[in-house]
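So the structure is just underneath, and the comments pick up after that.
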Ligand SMILES: C[S@@+](CC[C@H](N)C(=O)[O-])C[C@H]1O[C@@H](n2cnc3c(N)ncnc32)[C@H](O)[C@@H]1O
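Residue numbers (the working numbering): 1 to 224.
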C-alpha cells in the first residue's frame, strides 16, 4: 500500500526527510531508530538482558525466533544481536512502514548491518504468519500492548504517538494459541511486572525486572 493511502489518527502525519520516515503530530516525531540501542548490544550487557536470557536455547547453532508483535523492532534487535534469525510480524500498516524504513536505513550503518541482516519483516497478522511457517521456530516472542498502557498515557512523549496507533490486544487467546501451535521450544511473553499471565497461560518460569516480567512457557513436547 502506498504511504499516502495509509489511514492515520487525526492530527498525525507521515513525513519523509533525510533522516527517513517519521510519524509526526502534537509537535513530536517518532521514527524507528536502532542506533540508540547500540550500548545495550555490547556482548557483556547483551547477555544480561532479561529478554535474551529468557529466550536463550541451548545447543542450537543458528536459533530462530518469531517476534509476533514487532512494533518498532527494538526487542527483535536484541534477539538478532544475540544470534537469532528473527521474523518480525507487524499488523499495523503505519507501524510496519516505520519499521520497514528503519530496517532499510540500518543496512547503511556498518555497526548494525550484520545484526539487521538477521531480521526479516512480514507485514500482517502474526497468527497467519505463525500458521504458515515451514519449520517450527525455536522461540516465539509475544509483547502485545499492556492492558494498563491503554488507561495511562506513557510519560515518554514519543511513545504517546505510538500509543495513538496501537490497537488494544483483543486476540490474546488466539495469539497464544497460534504461538503454541507453531511448536516452538518456548514462548516468551513480555508483561507488566504485576500483570496477569497472557491468555491466562501459566508460565514454566519468569524473569522479573523493575518494570517488566518475561514469562517463559515451555510446551511439554519441546523441552528447551
Ligand atoms: C507493545 S508493541 C511491541 C513493541 C516491541 N516489542 C518493540 O520492541 O518495539 C506491540 C505491537 O504488536 C503489534 N501487534 C499486536 N497484535 C499483533 C498481531 N496479532 N500480529 C501482528 N502484530 C501485532 C501492534 O500493532 C504493536 O505494534
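Built from N, CA and C at the ideal position, the CB exists for glycine as well. Model, not experiment: these values are computed from the prediction.
Under the three-state DSSP convention, the category residue i falls into
i           : result
residue 141 : strand
residue 176 : helix
residue 70  : coil
residue 199 : helix
residue 171 : coil
residue 39  : helix
residue 45  : helix
residue 57  : coil
residue 30  : strand
residue 191 : strand
Identified DSSP bridge partners for residue i
i           : result
residue 13  : 24
residue 85  : 64
residue 205 : 216
residue 210 : None; residue 210 has no bridge partner.
Residue i: CB within 8 Å of a non-hydrogen atom of ligand 1
i           : result
residue 39  : no
residue 165 : yes
residue 124 : yes
residue 69  : yes
residue 9   : no
Within-9 Å CB hit, residue i to chain D
i           : result
residue 187 : The chain inventory of the structure shown lacks chain D, comprising one protein chain alone.
Which runs of the alpha helix (DSSP H) at least 4 residues long sit entirely within the stretch 90–138? Give them in chain order.
93–106, 113–116 and 126–131
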